[in-house]
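Asker:
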Amino acid sequence: MNPDIKTALARRQFLQYGGYGFGSLALQNLLRGEELTNPSGLPYSSPKAKSVIFLFMRGGLSHMESFDPKPALTKYEGKTIEETPHADVLNPEKFKDLRVVVVNDANGKQRTKIYPLQVGSKRYGQSGARISDWFPHIGSCADDISIIRSMWTTDNNHGAQVQFFSGRHMLDPRVPTIGAWIHYGLGSLNDDLPQFIMMGPRYFDKRDGHYLGPAHDAVALKVDPNNPLDFAKPEGNVTAAEQRLGFGLSNQLNRLTAEKFPHDPVLEARIKSYELAYRMQSAVPEIIDFKGESESTKKLYGLDQKETKPFGEQLLAARRFVEKGTRFIQIMHGTGAAGAWDQHSKMKEKHAVNAMQVDRPVAGLIKDLKQRGLLDETIVVFATEFGRTPGSQGSDGRDHHPFGFSVWMAGGGIKGGVVHGATDELGFHATEHPHYVTDVHATIMKQLGLDARKLEVPGQKRIDMDFGEPIEQIIA
Amino acid sequence: MKYRIPYLILTLLSVIGFCLSDSQSAEAKDYLDKVKPVLKERCYACHGALKQKKDLRLDTAQQIIDAGIIKSGELLKRLTASDLEERMPQEGPALHAEEIDAIREWITDGMPVPVDEKPADDPANHWSFQKIERPSLPEGVKEANPIDAFLAAKQQELGLKAQPEAERSLLVRRLYLDLIGLAPTRKQLASDVPFESMVQDLLASPQYGERWARHWMDIWRYSDWYGLGKQVRNSQKHIWHWRDWIVNSVNKDKGYDQMILEMLAGDELEPENPEVVAGTGFLARNYYLFNRTTWLDSTLEHTSKAFLGLTMNCVKCHDHKYDPIEQTDYYNMRAIFEPHQIRLDPIAGVTDFEKDGLPRAFDDHPDAKTQFHIRGNPTTPDASKKVTAGVPAIFASYAPKAKEVELPAYAWAPGARAYVQEDQLSAARLKLDRAQKALEKARLAVASQKNPESVSQGENNSGTVIKDSFDRANPKLWDIVGSGWSYNGGILIQTMPSRDKQFARSKNSHPADFDLALDFRTTGGTTYKSVGIRFDVTDNGKNSHTVYASAYDKGPKVQVSHTHDSKTTYPNARAAYPVKVNEDYKLRVQVRGNLINVLLNDKFLIAYNLPNRNPNGRIELFAFDATADFDSIEVQALSKDIELMKSGTPAQKSKSVDPAEALKLTEARVKEAQIGLRSLEAKIAADNATLLGKGKGDPAVSARLEREHVVELARVGVLTAEAGKLKAAEKTLKTAEAKLKKSDAKYKSLRGSYKALETPEHKEPQYAATYAKTSTGRRLALAQWMISRQNPLTARVAVNHIWLRHFGEPLVESVDDFGLRAPRPEHAELLDYLAAELIESGWSMKHLHELIVTSKAWRRTSSNLNADPATLAKDSNNHFYWRMNSHRMESEVIRDSLLNLAGTLDPKQGGPSVKSNPSVLRRSLYFSRSPKQQVKLLSMFDDADALVCYRRSESIVPQQALALFNSKISIDSSAQVAASLKAEKSDDKFAAQAFELVLCRKPSAAELDACKTFLVRLEEVSPKGPARTRLVHALFNHNDFINIR
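These protein sequence lines map, in sequence, to chains A and B. In terms of the numbering used here, the first sequence opens at residue 1 and continues consecutively. In terms of the numbering used here, the second sequence opens at residue 477 and continues consecutively.
1) What's the gap between the Cα of K291(A) and the Cα of I145(A)?
2) Would you say A885(B) and L1256(B) are within 8 Å of each other, going by their C-beta atoms?
3) Is there at least one Cβ from chain D nearer than 8 Å to G213(A)'s Cβ?
4) So the beta strand (DSSP E) F626(B) belongs to, where does it begin and stop?
5) Suppose you measure from the CA of L369(A) to the CA of D192(A); what does that come to, to the nearest Å?
6) Rounded to whole angstroms, what's the CA-CA distance from A949(B) to Q1435(B)? Just pull it up for me.
7) What are the residues that DSSP puts in a beta bridge with V381(A)?
8) Can you tell me whether W771(B) is helix, strand or coil according to DSSP?
9) Which value, in whole angstroms, describes the spacing of the CA atoms of Q16(A) and A49(A)?
10) So for Q1410(B), helix, strand or coil by DSSP?
11) Could you check if Y874(B) is buried or exposed, using at least 16 other CB atoms within 10 Å of its CB as the buried criterion?
12) Tell me the rounded alpha-carbon separation between F135(A) and M356(A).
13) Would you tell me roughly how many angstroms separate the C-alpha atoms of I329(A) and I53(A), rounded to the nearest one?
14) Quick one: measure Cβ to Cβ for A878(B) and V1007(B), integer angstroms, because I've assumed they're closer than 8 Å.
15) Could you tell me if Y895(B) is buried or exposed, where buried requires 16 or more neighbouring beta carbons within 10 angstroms of its beta carbon?
16) Is the CB-CB distance between V322(A) and S46(A) below 8 Å?
17) By the criterion of Cβ-Cβ separation under 8 Å, what are the contact partners of M280(A) in chain B?
18) For D991(B), which residues in the same chain have their Cβ closer than 6 Å to its Cβ, ignoring the five residues on either side in sequence?
19) Take the Cβ of R1050(B) as the centre, count every other Cβ of all protein chains shown within 10 Å, and call the residue buried at 16 or more, exposed below.
20) Check whether the Cβ of E1483(B) lies closer than 8 Å to any Cβ atom in chain A.
21) Give, in chain order, every residue of the segment 167-181 of chain A whose Cβ lies closer than 8 Å to some Cβ of chain B.
22) Jot down the residue ranges of each uninterrupted beta strand (DSSP E) in the segment 167-226 of chain A, minimum 3 residues, whole runs only, in chain order.
23) Nearest to R893(B) by alpha carbon, out of K917(B), T856(B) and A824(B)?
24) Give a yes or no on contact between the segment 1090-1100 of chain B and the segment 977-992 of chain B, applying the rule of three or more CB pairs nearer than 8 Å.
25) For K1170(B), which residues does DSSP report across the bridge?
26) Which residues bound the beta strand (DSSP E) around L759(B)?
27) Under 8 Å, do H158(A) and E385(A) count as touching if we go by C-beta distance?
28) For the segment 192-225 of chain A, list every residue whose C-beta sits within 7 Å of some C-beta in chain B, in sequence order.
29) Exposed or buried, E1366(B), counting other C-beta atoms within 10 Å across all chains shown (16 or more means buried)?
30) Along the segment 1388-1411 of chain B, what residues have a CB closer than 7 Å to any CB found in chain A?
31) Go through its chain and collect everything with a Cβ distance to N727(B)'s Cβ below 7 Å, but skip five positions before and after it.
32) Under the assumption that D700(B) contacts S1389(B) (Cβ atoms under 8 Å), give the Cβ distance between them as a whole number of angstroms.
33) Check D1372(B) in the structure and name its three-state DSSP category.
34) Am I right that A1271(B) and I1315(B) are in contact with their C-beta atoms under 8 Å? What's the rounded C-beta distance?
35) Which class does K637(B) belong to by DSSP, given the choice of helix, strand or coil?
36) Helix, strand or coil for A980(B)? Go by DSSP, reduced to three states.
Have a look at this one:
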């Protein structure tokens, strides 16, 4: 841990334990469990949401072929951008925010020959939001979601994945991710469960907490009742009864130790963490066991179909965790180093497959949360690191595109049926209400009742861009 | 009470939110509470002690008033200006409305001035910027150890009563964990060696180096290479050489000053000594493929933080807000590193840089210019700013001038090193030798032109497909026989090397003609380290055929053998193959009738006719004298389309069936190898003449022979080209032939090193084989400045790091920032004394360790039990070291100690990093780790973040409990520890012994009772079961096992 945190901790320790003796950094967790990290013990303002399910399409989902269809692309098919009336999108002044990681890399070049839309689109719901035909099920939820069509970021390579969660460019130092901040800032909703969970294939940076400490890293989870999280089951022939007695003895001995080592808060924290571990060990597999779910629910998430099953299971697990009180669940879709959505070629074929894997489960999640009354208190985010170029790469692909792309949010006090912001006619730049990625963080934080600026850790410099501004237009 | 809190303390207090200014008037209090903190945060950097832009200082109320900017209205005007050119502060957003209101209010109140407000001190007077002088010992204190003298003086002054020494067994445990990172064994614990001798022994043991190297690896950001696929993007392959350099340096008690010299400039210091050059792995670790600025930023930031406690990273974009360091200092310092690049130097006996090489730094571009980047942005350089390599101006007075270093040819022409020439020559000779042998065989084949074998009796495909990826135990598929088997993480693992029969035998019989693929790794073993499969296994197991890969040190090979009536014969059906431990292999066995083909990693090795068969037997997986991981197996009927090699076909891939064609190819290969050897000899002769001034080798001859060799290579290329690539191969040959006719051939020196790519567009062969003949000497000068007696930071920072790792708390809280934000520490004299001690002992770390662990302070109990109540009340946080701090073991120490107590720790030291795996029993520092690659068990316990880790965290999370309760290593170690205590007949004695061994103290009556009751209860739930093992297991989960008491 960065020593600077100690200043903050020292403060908290002092506030809460006065003249009591401490000798360890460990206290942060001791405090988090019961007392909450936030010194007041409560969110800063009355929260509208309790939990977050953050879905992330790794590799770069094409905005034009998902939530921001651009008929102009089909109209100008084969022309260069300069040959269309929209040549001004290439004005170098408009690229000044871009920070290039790989100079002259084959990726991230301007692709100026316009590539037509690879899929049709329709208007959905009362709002009439236009969504591509690859996402008919999400389309059927159009009136429950707010589409933001004016996202931008500054990395033209897949470092933008880390950037979407941390707000910082690949070339900057690593800083805590949005999930870590929320974990740090808010107390537990259920002491038997991990509060920050990660499912699916992770990007290259394996940590979330960074200077907040590893206690704020996500707990990696698999939808496998036999082995849902690391070390959830004995890697040896230890029976349940033996284990129960073993836990009992450790706890008993730890308590007896207090006679020899009185006033030791670390010991206290250790005893508590063992109790929690023991409960977690049985609570987590129970949640991942879908026996109690009806067939219709399973179907809603696409568990009946092999293409949709893997993602569907993760989303169903996410709902069950939210139900029982987990704060933040991030679920990544798309394996491979760069992510499955990275269609430099075979755009039509592969985006269609990817979309098929997620469309039904995601819509199922929204509908299920809604029918259970959980959508009001759960924010669902559907995001990707950047969009794809309006121009073609090779004969059948699109390149990375950080200047304008789409995400959507739903639930937890986010309006339904809203299309917010816009890109220009080619889908090139975010023109109306442009939003940097941390605006999504700020929106989440606001709904959870947190003020990011009050979570600052002394000695760790944060810049304005790190905090973002809530997207008020989509907040009910 | 007068307000005499110094500026820096104020910083801290304002953070904590205290207000001590009771005696201040209410209005002055408002100034101190609401105005001054804003000014400090937003204005002092330019208008305070650090800088006085426009001769304006705002760090006291009086100065603000005297400046006249309130009277003139300038202050408020500038704070509220909408024109950004005019608005103050220039950097960042405008002050918030309520902040400006607070200033207004203070003005309206008549600008009350606080009593005794002092301007901030000159930053040059900052405590840590003063030369280290050894302070005299405090008077009136009788303590032999200076640490105790300094601490006792303060304790006396404050009336604090120190706790007594910890009980011996706990002290021994503390000493073992502190110095060698391994919990003491029963014998070590029982030893009556005097404490002081024990200190000596442990400091002299090689495990000491492993323990303390890991600490320094945290600070110096050790990381194995990582990237994408085979592309190295961060750090370097074989960076473990630097890890071994650290371990060895620490073990040899090399001076810390010398270590700094070698890490920053070993290549300039002793260019011909690889053991010294290896230190520059420190620089190689910062390598970053994609962006030179990011690369050098890391180098600068962490060189400054690790050795100097300076936050140079803050001045990349602007002058420092707190410290007297300017943006130009950043670029001057960058210029020190600008010329350097990274390369792999050759290791004797290895010609493939994928296999080994020494990562090191060297000045590749001595003339490289450094540009000043406006706001740190590389796209906006400022040519008007002059950049000169050097250290920050405020510390420059004693900085030595960089002197250019003339390098020996050994350094700038690594290809001309004698051992490199010899290694390459032997490789070329071996190649020729093999080609000639192949040629002989090919000639024989043409001569006989007939089939030496009878093949196949037609297809026989009864039997079952056997397929398993070992995701879980599958008793329907396998009978597992013998000990040491387990399933974990999709791997079937064998952990007990044995020559007894232990195997996994398929319940079903395999197809008679089959195609088997086995993915496995040999993870260790005793002698033969053989891993493989048996087929045609009869139900009684007495008859079978075996194919195995043996990682036997003296002759690794792949072998086919037969077992008939339990007797095994080893026919001449084998292939020498460098089978290695911990490498992934795919063994492929194809059998049709009596003919068997064996391939390893898709390379054809053996074709052989089996003397007899029992088709449709079982399959067995086994490890003989070995430990192994089996990833997956698939046995299916052999496809008709697959043509097998005939018995006697030599190893190597040679798909051409026509002996005449084969002959042509082998002839071409021989010629290629001959010319290759001649070309190499000519090149070496030319190198010797031109680079070393030895002999009369002619570069022109070498140049021509090289072209000839290219032609021969191209000829082989044509003969081996796959369909579809033939045209390209022919074109290559034509070009080569055309070039041969020209007379413009240029001689190129032998390549002896592998330079890390400067950008991803480069290809390594385009770099020259020789390098600059001089080095700028800048890095050496930097290192010499760091270790200069005048340098106030280096020794203080090092002492603080060492102190932290003994006491669990540092003397200076911000271990990587000794700048103005770090207030003078409570124990500044002690710090200085130890810093002087470090320097004057020849920068000996062992000297410091000894001084520390023999002090009373370090030997005190960590318990508050029976502590003086007044002491507890006054200093509950133990700022004055009246007791020891207990702190948690680092993740490595937990794992290593479990293994050590179990007696299973593999003591092997050094060498390449190993992939983590439950069956690898090496010390944890040898695992490959990087930001991309983490070891699950270690990451649960706050292991080092390879990006930055100046101090470990000590979190307490439930996953740790799960890891200690459920991990294989903890379960297995419990059994082994319990077994080691099996001589204890009575449960009572066993419980007491186990408790003492694991926790290093005697149990109280209540504790012993709890253990005994546990044994009884466990016996109830698992009769004749593992009660004792479970007791040890529960003790491993005790808070005081993973804490250092």
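Every residue, glycine too, gets a C-beta built ideally from N, C-alpha and C.
Answerer: So, from the data block:
1) Here the question's residue 291(A) lines up with position 291 in the first sequence. Here the question's residue 145(A) lines up with position 145 in the first sequence. When rounded, the distance between both Cα atoms is 30 Å.
2) Translated into the one-based positions of the second sequence, residue 885(B) becomes position 409. Translated into the one-based positions of the second sequence, residue 1256(B) becomes position 780. With respect to L1256(B), A885(B) sits apart: the two C-beta atoms are not nearer than 8 Å.
3) The chain labelled as chain D is not found among the protein chains of the depicted structure, namely A and B.
4) Here residue 626(B) corresponds to residue number 150 of the second sequence, with the count starting at 1. Where F626(B) is concerned, there is no enclosing beta strand (DSSP E), although the alpha helix (DSSP H) it sits in stretches over P622 to L634.
5) Residue 369(A) sits at position 369 when you count from the first residue of the first sequence. Residue 192(A) sits at position 192 when you count from the first residue of the first sequence. Distance between the alpha carbons of L369(A) and D192(A) is about 22 Å.
6) As a first step, residue 949(B) is located in the second sequence; it is residue number 473 there, counting from the start. As a first step, residue 1435(B) is located in the second sequence; it is residue number 959 there, counting from the start. Distance from the CA atom of A949(B) to the CA atom of Q1435(B), rounded to whole angstroms, is 25 Å.
7) What you label residue 381(A) is simply residue 381 of the first sequence in a count that begins at 1. In DSSP, V381(A) forms a bridge with F54(A) and M409(A).
8) In the second sequence, residue 771(B) corresponds to position 295, counting from 1. DSSP places W771(B) in helix when its eight states are reduced to three.
9) Numbered from its first residue, the first sequence carries residue 16(A) at position 16. Numbered from its first residue, the first sequence carries residue 49(A) at position 49. Unreliable positioning characterises Q16(A) in this predicted model, as indicated by a pLDDT of 32, which lies under 50. The coordinate reading is nonetheless provided below. As the crow flies, the alpha-carbon of Q16(A) is around 28 Å from that of A49(A).
10) Locating residue 1410(B) in the second sequence gives position 934, counting from the first residue. Taken through DSSP and simplified to helix, strand or coil, Q1410(B) comes out as coil.
11) The sequence position of residue 874(B) within the second sequence is 398, counting from 1. An exposed status is given to Y874(B), since fewer than 16 other beta-carbon atoms sit within 10 Å of its beta-carbon.
12) For the purposes of this step, residue 135(A) is taken as residue 135 along the first sequence, with counting starting at 1. For the purposes of this step, residue 356(A) is taken as residue 356 along the first sequence, with counting starting at 1. If I take the Cα positions, the gap works out to 8 Å.
13) In the first sequence, residue 329(A) corresponds to position 329, counting from 1. In the first sequence, residue 53(A) corresponds to position 53, counting from 1. When rounded, the distance between both Cα atoms is 5 Å.
14) Start at 1 with the first residue of the second sequence, and residue 878(B) comes out as number 402. Start at 1 with the first residue of the second sequence, and residue 1007(B) comes out as number 531. The Cβ separation is near 55 Å, so there is no contact.
15) In the second sequence, the residue the question calls residue 895(B) occupies position 419. By the neighbour-count criterion, in which 16 or more other beta carbons inside 10 Å mark a residue as buried, Y895(B) falls on the exposed side.
16) Taking the first sequence and counting its residues from 1, the one referred to as residue 322(A) is at position 322. Taking the first sequence and counting its residues from 1, the one referred to as residue 46(A) is at position 46. With contacts defined by Cβ atoms closer than 8 Å, V322(A) and S46(A) do not form a contacting pair.
17) What you label residue 280(A) is simply residue 280 of the first sequence in a count that begins at 1. Near M280(A) (Cβ distances below 8 Å), the residues of chain B are P1434 and L1438.
18) What you label residue 991(B) is simply residue 515 of the second sequence in a count that begins at 1. In the same chain as D991(B), and ignoring 5 residues on each side of it, the C-beta atoms closer than 6 Å to its own belong to Q1066, Q1112 and L1114, in chain order.
19) Taking the first residue of the second sequence as position 1, residue 1050(B) is located at position 574. Under this definition R1050(B) is a buried residue.
20) Counting from 1 along the second sequence, the entry for residue 1483(B) is found at position 1007. With 8 Å as the cut-off, E1483(B) counts as an interface residue toward chain A.
21) Those residues of the segment 167-181 of chain A placed with their C-beta closer than 8 Å to a C-beta in chain B are L171, P173 and R174, ordered along the chain.
22) DSSP runs (the beta strand (DSSP E)) wholly in the segment 167-226 of chain A: 196-199.
23) Here the question's residue 893(B) lines up with position 417 in the second sequence. A824(B) is the residue among K917(B), T856(B) and A824(B) whose C-alpha sits nearest the C-alpha of R893(B).
24) Contact holds: three or more Cβ-Cβ distances are below 8 Å.
25) Sequence index remark: in the second sequence, residue 1170(B) carries index 694 (1-based). Answer by DSSP bridge pairing: none, since K1170(B) is not bridged.
26) The count along the second sequence starts at 1 and reaches residue 759(B) at position 283. It is not in any beta strand (DSSP E) - L759(B) instead sits in the alpha helix (DSSP H) that spans G757 to A760.
27) Numbered from its first residue, the first sequence carries residue 158(A) at position 158. Numbered from its first residue, the first sequence carries residue 385(A) at position 385. Yes, they are a contact pair.
28) For the segment 192-225 of chain A, the set of residues with a beta-carbon nearer than 7 Å to any beta-carbon of chain B comprises F204, D205, K206, R207, G213, P214, A215 and V219, in chain order.
29) Position 890 of the second sequence, counted from the start, is the residue given in the question as residue 1366(B). Classification of E1366(B): buried, given that the 10 Å Cβ count is 16 or more.
30) Listed by position, the residues of the segment 1388-1411 of chain B near chain A (Cβ gap below 7 Å) are P1407, K1408 and Q1410.
31) Locating residue 727(B) in the second sequence gives position 251, counting from the first residue. Same-chain partners within the cutoff: P682, Y684 and G685.
32) Here the question's residue 700(B) lines up with position 224 in the second sequence. Here the question's residue 1389(B) lines up with position 913 in the second sequence. Contact annotation, D700(B) with S1389(B): C-beta distance approximately 5 Å; criterion of less than 8 Å satisfied.
33) Walking along the second sequence from the start, residue 1372(B) turns up at place 896. D1372(B) falls in the helix class under three-state DSSP.
34) Counting from one through the second sequence, the residue named residue 1271(B) turns up at place 795. Counting from one through the second sequence, the residue named residue 1315(B) turns up at place 839. Beta-carbon to beta-carbon, A1271(B) and I1315(B) are separated by about 5 Å, close enough to satisfy the 8 Å threshold.
35) Translated into the one-based positions of the second sequence, residue 637(B) becomes position 161. Reduced to three states, the DSSP call for K637(B) is coil.
36) Position 504 of the second sequence holds residue 980(B). In this structure, DSSP gives A980(B) an extended state, which the three-state scheme calls strand.
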